[in-house]
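Going by the working numbering, the first sequence opens with residue 1167, and the numbers climb by one from there.
Okay, structure first, notes after.
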Amino acid sequence: MNYESVMKLALERAFYFPSCEVYGDAQAGFWEYGPTGVSIKNKFLELWRRELVRRDRMLEIDGSQIMSKSVFEASGHLGNFADPIIKCKKCGSTFRADKLISEIANVEIPESADLEDFDKMIQEKDIMCTKCKGEFDSAKKFNMMFRVGIGPEDVEAYLRPETCQSIFVDFPRLFKTMRGKLPLGIAQVGKSFRNEIAPRQSLLRLREFYQAEIEVFCNPGKLNDLEKFSEIENTTLRIQISDDIQVMTCKEAVDKGVIPNKFVAYYLGLLTEFYEKTGIDMEKSRFRKLGEKEKAFYADVAFDFEVNTTIGWLELVACNYRSDYDLSSHAKKSKEKFEVMDNDEKVLPHVFEISMGIDRSLYTILEHSLREDKENERMVLSIKPYLAPTHVGVLSLVKKDGLLEKTDEIYRLIRTKFDSFLDHSGAIGRRYRRLDEIGAPFAITVDHQTKEDNTVTIRRRDDMAQNRVNISELESILAKETAYP
RNA sequence: GCAGUCAUAGUAUAGCCUGGUUAGUAUUCGGGGUUUCCAACCCUGUGACGCGGGUUCGAAUCCCGCUGACUGCACCA
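Spelled out as structure tokens, the structure:
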């Protein structure tokens, strides 16, 4: 389905909707998850925990969203996460100072240069606004981080622009107290905040968004010395090489040098196995190796996991080999020790990061799962049962003849075990359609026969087929059908 | 941030040009009835002009500002 249909469903069924929408001064880039959206998000994260965190024995933490200024001085965000901008005094157009100067005067000034250097060059070269020939105001830094003031003294601090900084600063304590051994994965789910210039397209470009990040700390001398690589060596990856997407196993990718080492390949393999289980159409996915100019300021080698949607390729995960950039910066700034022992060797670990965009992943799952069943005139969200916001609808065929009471009884039996929805009102077909739209994989219907022999029908969402089972079997059937893979 | 288009119930829309209606329609949703296994039908009810200002006797309609959405450019750790 397309963006428009997903958006319509999201609004109608409370998957997600704009934040503060009753007020006129609501700002772009902030969206809320409704009950249906939260339910999918929780299940998606549970799958993530199972397939990555637990599988790989990672440690999960939950850090602060507000972090001190020093953190971002060390991480480089205060310096690098800001763009030098200049604004025309006359028409108000804003430009990237470094880009404009290189375009017009053909002089390269690094974006991290002092602001005075930009002003000087603009004066020297007599650069005017390209739109209205107006004069420029002096250059300013636009930092994408949200600044906050702590306490009555208004002490400078920032909302984190990525969740991983707490993982880095917590690393020494975690390694010691959790009896860490390299390679060690530390994971975190939470919100990050970026003051985007142009937030767009609901969940796809937010100012406040969810990340599920994993930082794997490793011995840089042992990137090809990884026993568990055998677990995924035959997992196939789809990797973009020049203009083609090539399909190859993790092992082949390493042997051919497409991926620099087993360590990186291992995690790209895990990630692939995870996304296969989310129901995203993997035929529409690719890993793309980023060029020098595209990479983040801290990344050595970077692969983006991207998925093709109706609005183009969407970056769902950034996989960055950050080397010792973060740990050495924090070590230097904090004067704490970040080296650890790896057997007899003292090393400052390198970091490989798997930074997942949750909101974008959820959108993609919705887009790839939503389909129109024209034959039966219905919209169906064919989402994996273990990700469905409602597992099962519990319906009475009619309200009278004691069926309502019987239905309530069955609902009470399963409501704490599954996400269940009780519905008595209206035509049975309408109630089935409603469940189809929010992706409930099953519907239990109580009919007259139920009173005679204690059986109910179970209807399957995807093919509308029904079969009759005894009430005593319900729990085990549903448990089996909605279980995580 | 720039440019263009746009903003009316939960959703999708009509009305705006040419100012005056009880703001229409479809669907959804609540209550009731009837039928009972795939959005049927009948009765009934709830529900909207993004926010702020201006013009006018009178503004959903005309004007200005703001906010948002969409598309393109720029940006994107």
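Cβ atoms here follow ideal geometry from the backbone N, Cα and C, with glycine treated the same way.
Just so you know, the alpha carbons of F1210 and R1627 end up roughly 20 Å apart. Fully contained in the segment 1207–1253 are the following alpha helix (DSSP H) runs of length 4 or more, in chain order: 1235–1241, 1243–1246. Here the segment 1193–1208 does not lie against the segment 1331–1346, with fewer than 3 beta-carbon pairs under 8 Å apart.
Sequence-distant Cβ neighbours of D1525 in its own chain, meaning closer than 7 Å and more than five residues away, are L1369, L1372, F1375, Y1376. In this structure, the straight-line span from the alpha carbon of G1435 to that of R1404 is close to 10 Å.
If you compare the alpha carbons of F1429, E1511, V1172, S1535 with that of N1486, the shortest gap goes to F1429. Annotation for P1338: the continuous alpha helix (DSSP H) segment containing it runs 1330–1343. DSSP, reduced to helix, strand and coil, places C1416 within a helical segment of the structure shown. Per DSSP, K1306 is one residue of the beta strand (DSSP E) stretching across 1306–1309. Taking every protein chain shown into account, the CB of K1550 has 16 or more other CB atoms within 10 angstroms, so this residue is buried. Between D1447 and the set S1521, M1507, D1492, S1527, the nearest pair of CA atoms involves S1527. Here the alpha carbon of L1640 sits roughly 14 Å from the alpha carbon of L1561. The beta carbon of N1633 lies closer than 8 Å to those of T1623, I1624 in the same chain, with the five residues before and after it left out. Judged by DSSP in its simplified three-state form, V1424 adopts coil rather than helix or strand.
Measuring C-alpha to C-alpha distances from E1502 to each of D1492, F1308, V1473 identifies D1492 as the nearest. With a contact defined as Cβ atoms closer than 8 Å, F1312 and L1325 qualify at about 4 Å. Distance between A1378 and T1530, taken at the CA atoms: about 16 Å. Here the alpha carbons of D1490 and G1423 stand approximately 22 Å from one another. The C-beta of C1416 has 16 or more other C-beta atoms within 10 Å across all chains shown, which makes the residue buried. Straight-line measurement puts the Cα of I1380 at about 12 Å from the Cα of R1488. Excluding sequence positions up to five before and after E1533, its CB lies within less than 8 Å of the CB of M1167, N1168, Y1169, V1172, T1475, T1476, all in the same chain and listed in chain order. Taking 3 residues as the shortest admissible run, the segment 1360–1391 contains the following complete beta strand (DSSP E) segments, listed from N- to C-terminal end: 1374–1384. The distance from the Cβ of Y1441 to that of F1395 is about 19 Å, inconsistent with a contact at the 8 Å cut-off. E1575 counts as exposed, since fewer than 16 other C-beta atoms from the protein chains shown sit within 10 angstroms of its C-beta. If you check the CB distance, D1589 and A1554 do not come in under 9 Å. Taking the CA atoms as reference points, E1449 sits about 44 Å from V1564. A straight-line Cα-Cα distance of about 16 Å links L1213 and G1356. Where A1468 is concerned, the enclosing beta strand (DSSP E) starts and stops at 1467–1475. According to the DSSP assignment, E1198 belongs to the beta strand (DSSP E) that extends over 1197–1199. By the 16-neighbour rule on beta-carbons within 10 angstroms, T1343 is exposed.
DSSP, reduced to helix, strand and coil, places I1604 outside both helices and strands of the structure shown, so it counts as coil. For T1616, the enclosing alpha helix (DSSP H) begins and ends at 1614–1619. Residue F1471 holds the alpha-carbon nearest to the alpha-carbon of G1523 among R1223, F1504, R1581, F1471. One thing to note: N1385 has its Cβ within 9 Å of the Cβ of E1511. Distance from the CA of I1288 to the CA of M1294, rounded to the nearest whole angstrom, comes to 8 Å. For V1420 and Y1464, the gap between their C-alpha atoms comes out near 23 Å.
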